[in-house]
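2 protein chains.
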Amino acid sequence: MPQNGRGQAKRLSVLPGPHVPCVECAIRNSALFRPVSEEHLDWTQGYRAAQMRLPAQAHLYREGDSPEYCWTLYDGWVKLYKTLVTGKRQILRFAMAGDFLGFQPDLQGPMGHAAQALTDCTLCAFPRARLGELFQARPEVATQFAWMAARDMRLCQEHLAGMGKKSARERIAYLLLEICHRQRQIARATGRLAPGQRVPVPITQEDIADAVGLTPVHVSRTLSQMRAERLIACAKGEVFIMNEEALTEIAEFDPRLIEARPLL
Amino acid sequence: MPQNGRGQAKRLSVLPGPHVPCVECAIRNSALFRPVSEEHLDWTQGYRAAQMRLPAQAHLYREGDSPEYCWTLYDGWVKLYKTLVTGKRQILRFAMAGDFLGFQPDLQGPMGHAAQALTDCTLCAFPRARLGELFQARPEVATQFAWMAARDMRLCQEHLAGMGKKSARERIAYLLLEICHRQRQIARATGRLAPGQRVPVPITQEDIADAVGLTPVHVSRTLSQMRAERLIACAKGEVFIMNEEALTEIAEFDPRLIEARPLL
DNA sequence: CGTTCTGTTGACCACGTTCAATCAGTGTGG
DNA sequence: CCACACTGATTGAACGTGGTCAACAGAACG
């Protein structure tokens, strides 16, 4: 599990990582190579250029970059965000173990958003230029990508609907529940047991604000109120969900959103 | 080109459509079968269960439905929207010619949003149950789907960022420009010439409001002001963009968003 | 110890909402 | 043919959610 990485900003950039072979990958069940049979796995692993470590606070890529790779996030949290010309930031998504990062329609072109590590991360890098080739050679990978893209699209659409139509309170409740359920889902898929209701959340209130479209000030107020109502409890870098039922009702959150079954 | 279909609501449901073979398909350049070679096209056409017509105002599917098909939109406009328990609606996307509709992570499960025709539409239906098979048999189709999904995801993310961080004026300007540019892109891809700045827009102010997260009242006010500033002009079911440059600046719109190049 | 970063609280303000009345266009039925 | 209903757009007035500005507190860190 990723430790809370705030304030640990090492000023080093990308580091070489461990070399876990795909066959032993703990998160393969929720990642791009899930449907690849063991006999083909050595071969597809050839597309993995490297495993690398990214320290907390470091950028995987910035808006406008044309990075050489796409990545599977092996461990840790990453935030994807856009910056408008006014300087305002919008967090699009919190990426977690298993998520595939850096793919976009124009593979040569510049990224439309930035990706920054929230905790120390481990990633597997795949050369962008060879992705088309990989999809052609192993259609089950392309199909898994399609499935993952559809899943991410649905999250994005729910997020969008929330921004348009929900109150501050509802949006924040929704975000907390979404994060909590996705963490549990990962714990399930990787065989690790979820430690009760307890969810370490390595994000600041400013991150929450940028994700749900509010100001940090108003997020603070709303969280204070939720604490007063015993809906949640906060410790440093952690949020405990005290009353999941009530929160689910407030947020209009449907847990089935997170439990989708793979295509293949 | 789709005619303005408002008020033409025929009370018939789905109708059988024309039978254009895929080889002659006018929009193949921007649709799922784009990368399929002509020699394979007859074969992939076997996955197309039917062509059908959908009258304006009719629903292709509703939230919670588990339709038997996915569709390529051949002609016309469709709006995709979610309804919250409070009754508020959020339009996720205006689908136009070439868009692939109805795909979601859990192909057996219920749709997370509804799709309703804005104009009379023509669609090509593909059985959901056979999509995995199609992707396996023709990886270039899976790859094209991946590309289209990434393109749609980017639109959704831009939309999301706008909802979080832009003013009413900026969001409306953005929506108008996005629609205009996508229409032009389709005109280019299908070889039809775009008729100047003129864009027939078969949507009501209420649709605009539901798309950008405002009330119809405030949309009316904002459009009135934009008309007063000669940024746009309105006729019945049409919007003319009078000052695209100014509008682009207001919206912080990047035309390159729409012009992405295919993966294969 | 100062500095920096994150969170908290207060006072005031504004963008967009809500409620309401009115109008134009369109289709319907007597 | 006209009265009527219905939908979409427009405008006005009052209101409220959340933003802005500001001061401050606590923790982490050099």
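The listed protein sequences derive, respectively, from chains B and W.
Residue numbers for the first sequence follow my numbering, so the first one is 1 and each next one is one higher.
Residue numbers for the second sequence follow my numbering, so the first one is 1001 and each next one is one higher.
Just so you know, even glycine gets a beta-carbon here, dropped at the ideal spot from N, CA and C.
Here the structure is a predicted model, which is why all the values come from computation and not from measurement.
Start-to-end residues for the beta strand (DSSP E) that takes in residue i
i, result
"B/Arg-93", "89-95"
"W/Tyr-1074", "1069-1075"
"W/Gln-1057", "Segment: none, W/Gln-1057 is in no beta strand (DSSP E) and carries neither H nor E."
"B/Val-239", "238-241"
"B/Ala-235", "232-235"
Presumed contact (8 Å Cβ cut-off) between residue i and residue j, rounded CB distance
i, j, result
"B/Asp-65", "B/Met-111", "5 Å"
"B/Asp-99", "B/Ala-56", "B/Asp-99 to B/Ala-56, Cβ: 17 Å. No contact."
"B/Tyr-74", "B/Cys-124", "6 Å"
"W/Leu-1263", "W/Thr-1143", "6 Å"
"W/Val-1212", "W/Leu-1175", "6 Å"
"W/Val-1078", "W/Leu-1060", "6 Å"
"B/Leu-177", "W/Leu-1160", "Rounded, the Cβ-Cβ distance is 18 Å, inconsistent with contact."
"W/Arg-1182", "W/Ile-1241", "Going by Cβ atoms, the distance from W/Arg-1182 to W/Ile-1241 rounds to 13 Å, so no, they are not a contact pair."
"B/Ala-117", "B/Glu-63", "So it is not a contact: roughly 16 Å between Cβ atoms."
"W/Leu-1223", "W/Gln-1205", "7 Å"
"B/Leu-247", "B/Ala-173", "5 Å"
"B/Phe-126", "B/Cys-70", "5 Å"
"W/Lys-1149", "B/Ala-149", "Rather than Lys, the amino acid found at residue 1149 of chain W in this sequence is Ala. Right, their Cβ atoms sit about 4 Å apart."
Endpoints, alpha helix (DSSP H) assigned at residue i
i, result
"B/Leu-223", "216-228"
"W/Pro-1127", "Note, W/Pro-1127: premise wrong, no alpha helix (DSSP H); beta strand (DSSP E) at 1121-1127."
"W/Arg-1169", "1168-1189"
"B/Val-141", "139-165"
"W/Asp-1207", "1205-1212"
"W/Glu-1063", "No alpha helix (DSSP H) contains W/Glu-1063, which DSSP labels as neither H nor E."
"W/Ile-1250", "1244-1251"
Where residue i falls, given that 16 or more other Cβ within 10 Å makes a residue buried
i, result
"W/Val-1219", "buried"
"W/Lys-1010", "Unreliable positioning characterises W/Lys-1010 in this predicted model, as indicated by a pLDDT of 36, which lies under 50. The coordinate reading is nonetheless provided below. That one is exposed."
"B/Asp-254", "exposed"
"W/Arg-1261", "exposed"
"W/Ser-1037", "exposed"
"W/Glu-1249", "exposed"
"B/Gln-3", "Since pLDDT at B/Gln-3 reaches only 36, below the 50 mark, its modelled position is unreliable, and the value read off the structure follows with that caveat. With fewer than 16 Cβ atoms within 10 Å of its Cβ, B/Gln-3 is classed as exposed."
"B/Ala-129", "exposed"
"W/Ser-1030", "buried"
"W/Gln-1090", "buried"
"B/Glu-158", "buried"
"W/Asp-1207", "buried"
"W/Arg-1053", "buried"
"W/Arg-1151", "buried"
"W/Met-1001", "Note that W/Met-1001 has pLDDT 35, beneath the 50 cutoff, so the model's placement of it is unreliable and the number below is only indicative. Its Cβ having fewer than 16 others within 10 Å, W/Met-1001 is exposed."
"B/Ile-179", "buried"
"W/Gly-1005", "Here the model assigns W/Gly-1005 a pLDDT of 35, short of 50, so the residue's position is not dependable, and the following value carries that caveat. Counting Cβ neighbours within 10 Å, W/Gly-1005 comes out buried, since at least 16 surround it."
"B/Leu-12", "Interpretation of B/Leu-12 is limited by its pLDDT of 45, a score under 50 that renders its predicted location unreliable; the figure taken from the coordinates is listed afterwards. Counting Cβ neighbours within 10 Å, B/Leu-12 comes out exposed, since fewer than 16 surround it."
"W/Asp-1353", "Residue 1353 of chain W is absent from the structure shown; chain W starts at 1001 and stops at 1264."
"W/Ala-1233", "exposed"
"W/Arg-1256", "exposed"
"B/Thr-72", "buried"
"W/Thr-1044", "buried"
"W/Thr-1086", "exposed"
Paired residues, beta bridge with residue i - DSSP
i, result
"W/Ala-1117", "W/Val-1078"
"B/Ala-50", "B/Ala-125"
"B/Pro-35", "Note: B/Pro-35 sits in no beta bridge, so no partner."
"W/Phe-1100", "W/Thr-1072"
"W/Pro-1200", "W/Glu-1238"
"W/Pro-1016", "W/Met-1052"
"W/Thr-1083", "W/Arg-1089"
Nearest candidate by alpha-carbon position, reference residue i, set the options
i, options, result
"W/Val-1239", "W/Thr-1248, W/Ala-1246 and W/Arg-1227", "W/Arg-1227"
"B/Ile-203", "B/Gly-76, B/Arg-62, B/His-19 and B/Ser-30", "B/Gly-76"
"W/Pro-1035", "W/Glu-1140, W/Val-1020, W/Arg-1093 and W/Leu-1134", "W/Glu-1140"
"B/Leu-131", "B/Arg-93, B/Leu-118 and B/Pro-105", "B/Pro-105"
"B/Lys-88", "W/Leu-1231, W/Gly-1162, W/Thr-1215 and W/Gln-1225", "W/Gly-1162"
"W/Glu-1024", "W/Glu-1252, W/Leu-1101, W/Gln-1185 and W/Thr-1190", "W/Thr-1190"
"W/Lys-1236", "W/Ala-1026, W/Val-1201 and W/Asn-1029", "W/Val-1201"
"B/Arg-171", "B/Phe-126, B/Glu-63, B/Arg-256 and B/Thr-215", "B/Thr-215"
"W/Gly-1046", "W/Ala-1150, W/Arg-1188 and W/Arg-1138", "W/Arg-1138"
"W/Phe-1103", "W/Ala-1146, W/Val-1020, W/Ala-1173 and W/Ile-1027", "W/Ala-1146"
"B/His-19", "B/Ala-187, B/Thr-44, B/Ala-50 and B/Ile-27", "B/Ala-50"
"B/Gln-185", "B/Met-153, B/Pro-21 and B/Ile-27", "B/Ile-27"
"W/Thr-1083", "B/Asp-210, B/Lys-165, B/Glu-245 and B/His-40", "B/Lys-165"
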